[in-house]
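Student:
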Amino acid sequence: MSELLEDLKYRGIIYQMTDEEEIKELLDNEQVSIYCGADPTADSLHIGHLVPFLTLRRFQDYGHRPVVLIGGGTGMIGDPSFKAEERQLLTEEQIDRNVEGIKEQMGRVFNFEDENSAVLVNNKDWLKEISLISFLRDYGKHVGLNYMLAKDAIQSRLETGISYTEFTYTILQAIDFGHLNKHYDVKMQIGGSDQWGNIISGLDLMRRMYGENDAQGMTIPLITKADGKKFGKTESGNIWLDPEKTSPYEFYQFWLNQSDADVIKFIKLFTFLEREEIEALEKSVEEEPHLRKAQKTLAEETTRFLHGEEALEEAKRITDALFHGDIKSLTSAEVKNAFKDVPTANFDGDDENLVNVLVETKISPSRRQAREDITNGAIYLNGERQQDVGHVITEEDKLDGEFTVIRRGKKKYHMVTYSK
Numbered sequence: 028m029s030e031l032l033e034d035l036k037y038r039g040i041i042y043q044m045t046d047e048e049e050i051k052e053l054l055d056n057e058q059v060s061i062y063c064g065a066d067p068t069a070d071s072l073h074i075g076h077l078v079p080f081l082t083l084r085r086f087q088d089y090g091h092r093p094v095v096l097i098g099g100g101t102g103m104i105g106d107p108s109f110k111a112e113e114r115q116l117l118t119e120e121q122i123d124r125n126v127e128g129i130k131e132q133m134g135r136v137f138n139f140e141d142e143n144s145a146v147l148v149n150n151k152d153w154l155k156e157i158s159l160i161s162f163l164r165d166y167g168k169h170v171g172l173n174y175m176l177a178k179d180a181i182q183s184r185l186e187t188g189i190s191y192t193e194f195t196y197t198i199l200q201a202i203d204f205g206h207l208n209k210h211y212d213v214k215m216q217i218g219g220s221d222q223w224g225n226i227i228s229g230l231d232l233m234r235r236m237y238g239e240n241d242a243q244g245m246t247i248p249l250i251t252k253a254d255g256k257k258f259g260k261t262e263s264g265n266i267w268l269d270p271e272k273t274s275p276y277e278f279y280q281f282w283l284n285q286s287d288a289d290v291i292k293f294i295k296l297f298t299f300l301e302r303e304e305i306e307a308l309e310k311s312v313e314e315e316p317h318l319r320k321a322q323k324t325l326a327e328e329t330t331r332f333l334h335g336e337e338a339l340e341e342a343k344r345i346t347d348a349l350f351h352g353d354i355k356s357l358t359s360a361e362v363k364n365a366f367k368d369v370p371t372a373n374f375d376g377d378d379e380n381l382v383n384v385l386v387e388t389k390i391s392p393s394r395r396q397a398r399e400d401i402t403n404g405a406i407y408l409n410g411e412r413q414q415d416v417g418h419v420i421t422e423e424d425k426l427d428g429e430f431t432v433i434r435r436g437k438k439k440y441h442m443v444t445y446s447k
């Protein structure tokens, strides 16, 4: 198991460990049940949540048992860890819907069928059974106020304010660790670096309530980009795991567009490639960066892992068609998928002369500019250049009889729909 820890270190996954030697001994001597959790604040996780769960999957690949916790109970409270302000409380119905969405995604990350199959749990199942009196007497009695106030996650909120509800969150997560230790023999928790305080609270509460034990904790560093920008977001927002929120094509494109400065780091964190393969890609980035082999590999590996081979092939097909301007080779569904974030305008006039369409939909600012754009070869209909100022939009120009993708210049795409 020292091989596992060495691999995690090589990938830059380990940030803090409670006791490295004891963790090594624990992993060497038994199949360990290890847990990682996430609160269902939305009906999908995004890629910012992924690394702790991918790390848990790495433990599974080495023969250990993952216990995946979805916080249907803690999600009703809200984790204050390093948040600038109080979270908006969700309704119980919203949280239950979110739990179901996340359960489906966990089925793509973990193996639930082998000898060391993953276990999926919802902390609402046990937290809802604890009465207020039991919470205060059985658990609260073991947690000192000074201890709580000394935590960075709490201290950072004292000036701006924190409710008693969020103040108690760390106790609830500590209860989770104790419950999983007693009922599922969980001996280790992993999480992001912002969860260190909650992990330590769980270990401390277990020792106070049940005596000394061999449970351990490990955290993963905050994922950052070389340019200092926040990882996991684009101008359109989060990169979600739900294909309805972020299509496999968009997911693929996100990884394909990573910089040379970040790509090897992300391959280490987000893929299961062996060290030899990673080193070969690192050499390619240094010696032949124009080929972008590392970016293509990163995009393929992550998309295949989370969305499957068929979705990956579709994402690659769309990418290739757009690169070569061959939009007509795509299905209308694929075109809508590829261009769902481009400006959309509706044309409801009678005269579908191309100049009129460009001006009415504000693709070109004036009739004069529209004519110049056309004659200069700057206008493309569904990937094909159109230089006839007298061209009238025909049914052949309308994909599925509904819309036309118009490109002005090199990169400015618009989708035009028709009322008539």
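Read the sequence shown against my numbering and you will find it ends at 447, with the numbers running on by one and no gaps.
Glycine included, every Cβ here is placed at the ideal spot set by N, Cα and C.
As the structure is a prediction and not an experimental result, all values here were calculated from the model.
1. Using the beta-carbon count (16 or more within 10 Å), is residue 423 buried or exposed?
2. Pair every Cβ in the region 357-377 with every Cβ in the region 273-284, then say whether three or more of these pairs are closer than 8 Å.
3. Do the region 403-411 and the region 423-434 touch if we need at least three Cβ pairs shorter than 8 Å?
4. So which of 304, 269, 267, 254 has the shortest CA-CA distance to residue 287?
5. With a threshold of 6 Å on Cβ separation, who are the neighbours of residue 374 within its own chain once the five nearest residues in sequence on each side are excluded?
6. Taking 8 Å as the cut-off, does the region 311-326 touch the region 65-73 (at least 3 CB pairs, one atom from each stretch)?
7. Near residue 300, which residues of its chain fall below 7 Å by C-beta distance, leaving aside the five closest residues on each side in sequence?
8. Spatial neighbours of residue 105 within its chain, please: C-beta separation below 6 Å, excluding the five flanking residues on both sides.
9. Does the region 96-103 come close enough to the region 142-151 to have 3 or more Cβ pairs within less than 8 Å?
10. How would you label residue 218, buried or exposed, when you count the other beta carbons within 10 angstroms and need 16 or more for buried?
11. Helix, strand or coil, according to DSSP, for residue 455 in the structure here?
12. Considering only their Cβ atoms, is the gap separating residue 178 from residue 197 smaller than 8 Å?
13. Quick one: Cα of residue 31 to Cα of residue 352, how far?
14. Can you tell me which residues form a DSSP beta bridge with residue 60?
15. Does residue 166 pass the burial test, meaning 16 or more other C-beta atoms within 10 Å, or should it be called exposed?
16. On the criterion of 16 or more Cβ atoms from any shown chain inside 10 Å, does residue 244 qualify as buried, or is it exposed?
17. Tell me the rounded alpha-carbon separation between residue 206 and residue 320.
18. According to DSSP, is residue 441 helix, strand or coil?
19. Is residue 212 buried or exposed, if buried means 16 or more other CB atoms sit within 10 Å of its CB?
20. Hey, how far is the Cα of residue 96 from the Cα of residue 204?
21. Do residue 228 and residue 248 have their beta-carbon atoms positioned less than 8 Å apart in this structure?
22. Going by CA-CA distance only, name the one from 74, 52, 120, 146 that's closest to residue 87.
23. Check each candidate in 125, 79, 160 and name the one with the smallest Cα separation from residue 98.
24. If I measure Cβ to Cβ from residue 413 and keep anything under 6 Å in the same chain, skipping five residues before and after, which residues do I get?
25. Is residue 143 near residue 58, with beta carbons less than 8 Å apart?
26. Which ranges would you report for the alpha helix (DSSP H) in the region 273-320 if only whole runs of at least 4 residues count?
27. Is the distance from the Cβ of residue 258 to the Cβ of residue 417 below 8 Å?
28. Kindly identify the DSSP beta-bridge partner or partners of residue 147.
29. At the level of alpha carbons, what is the spacing between residue 339 and residue 252?
30. Please report the straight-line C-alpha distance between residue 298 and residue 314, rounded to a whole angstrom.
31. Let's see if you can read the secondary structure: which residues bound the beta strand (DSSP E) around residue 433?
32. For residue 36, does the three-state DSSP call read helix, strand or coil?
33. Report the residue from 195, 164, 156 whose alpha carbon sits nearest the alpha carbon of residue 174.
34. Using the Cα positions of residue 342 and residue 40, report the straight-line distance between them to the nearest angstrom.
35. Quick one: residues in its chain with C-beta nearer than 6 Å to the C-beta of residue 128, no 5 flanking neighbours on either side, listed in chain order?
36. Let me know if residue 160 comes out buried or exposed under the rule of 16 or more other beta-carbons within 10 Å of its beta-carbon.
Tutor: Quick look at the numbers:
1. Translated into the one-based positions of the sequence shown, residue 423 becomes position 396. By the C-beta density criterion, residue 423 is exposed, having fewer than 16 other C-beta atoms within 10 angstroms.
2. In short, these stretches touch, since the Cβ pair count reaches three.
3. yes
4. The residue labelled residue 287 in the question sits at position 260 within the sequence shown. Residue 254 is the option with its Cα nearest to residue 287.
5. As a working note, residue 374 is residue 347 in the sequence shown. The beta carbon of residue 374 lies closer than 6 Å to those of 384, 387, 388, 443, 445 in the same chain, with the five residues before and after it left out.
6. no
7. Your numbering for residue 300 matches position 273 in the sequence shown. Excluding positions up to five away in sequence, the list reads 294, 328.
8. Against the sequence shown, residue 105 aligns to sequence position 78. Contacts found: 114, 193.
9. The region 96-103 is in contact with the region 142-151.
10. For the purposes of this step, residue 218 is identified with residue 191 of the sequence shown, where counting begins at 1. Buried is the call here.
11. In the structure as shown, the chain starts at 28 and stops at 447, and residue 455 therefore has no counterpart that could be examined.
12. Numbered from 1 along the sequence shown, position 170 holds the residue referred to as residue 197. Numbered from 1 along the sequence shown, position 151 holds the residue referred to as residue 178. Their beta carbons are under 8 Å apart, which means residue 197 touches residue 178 by this criterion.
13. Start at 1 with the first residue of the sequence shown, and residue 31 comes out as number 4. Start at 1 with the first residue of the sequence shown, and residue 352 comes out as number 325. Rounded to the nearest angstrom, the two C-alpha atoms are 45 Å apart.
14. Translated into the one-based positions of the sequence shown, residue 60 becomes position 33. Residue 60 is bridged to 92, 213.
15. Within the sequence shown, residue 166 is the residue found at index 139, counting from 1. The residue in question, residue 166, is buried, as its Cβ has 16 or more Cβ neighbours within 10 Å.
16. In the sequence shown, counting from the first residue as 1, residue 244 sits at position 217. Answer is buried; the Cβ neighbour count reaches 16.
17. As a first step, residue 206 must be located in the sequence shown, where it is residue number 179. As a first step, residue 320 must be located in the sequence shown, where it is residue number 293. Near 46 Å, if we compare the C-alpha coordinates of residue 320 and residue 206.
18. By 1-based counting over the sequence shown, the position of residue 441 is 414. Looking at residue 441 - three-state DSSP - the assignment turns out to be strand.
19. Counting from 1 along the sequence shown, the entry for residue 212 is found at position 185. By the 10 Å Cβ count, residue 212 comes out exposed.
20. Here residue 96 refers to the residue found at position 69 when the sequence shown is read from its first residue. Here residue 204 refers to the residue found at position 177 when the sequence shown is read from its first residue. Spanning the two alpha carbons is a distance of roughly 10 Å.
21. By one-based count along the sequence shown, residue 248 stands at place 221. By one-based count along the sequence shown, residue 228 stands at place 201. Not a contact, by the Cβ cut-off of 8 Å.
22. On the sequence shown, position 60 is the one that residue 87 refers to. Closest option to residue 87, Cα to Cα, is 146.
23. The residue you call residue 98 lines up with position 71 of the sequence shown. Comparing Cα-Cα distances from residue 98 to each of 125, 79, 160, the minimum goes to 125.
24. The residue labelled residue 413 in the question sits at position 386 within the sequence shown. Leaving aside the five residues that flank residue 413 on each side, the residues in its chain whose CB is nearer than 6 Å to its CB run, in chain order, 406.
25. By one-based count along the sequence shown, residue 143 stands at place 116. By one-based count along the sequence shown, residue 58 stands at place 31. Yes, they are a contact pair.
26. 275-283, 287-297, 302-314
27. Mapped onto the sequence shown, residue 258 falls at position 231. Mapped onto the sequence shown, residue 417 falls at position 390. No, they are not a contact pair.
28. The count along the sequence shown starts at 1 and reaches residue 147 at position 120. Residue 147 is bridged to 95.
29. Numbered from its first residue, the sequence shown carries residue 339 at position 312. Numbered from its first residue, the sequence shown carries residue 252 at position 225. One Cα belongs to residue 339, the other to residue 252, and the distance between them is close to 25 Å.
30. On the sequence shown, position 271 is the one that residue 298 refers to. On the sequence shown, position 287 is the one that residue 314 refers to. Rounded to the nearest angstrom, the two C-alpha atoms are 22 Å apart.
31. For the purposes of this step, residue 433 is taken as the residue at position 406 of the sequence shown. Here the beta strand (DSSP E) through residue 433 covers 430-435.
32. In the sequence shown, residue 36 corresponds to position 9, counting from 1. Of the three classes helix, strand and coil, the one that applies to residue 36 here is helix, per DSSP.
33. Along the sequence shown, read from residue 1 onward, the residue named residue 174 stands at position 147. When only C-alpha atoms are compared, the closest one is 195.
34. By 1-based counting over the sequence shown, the position of residue 342 is 315. By 1-based counting over the sequence shown, the position of residue 40 is 13. Each residue's Cα considered, the two are about 29 Å apart.
35. Counted from its first residue, the sequence shown places residue 128 at position 101. The answer, listed in chain order, is 70, 71.
36. Counting from 1 along the sequence shown, the entry for residue 160 is found at position 133. The residue in question, residue 160, is exposed, as its Cβ has fewer than 16 Cβ neighbours within 10 Å.
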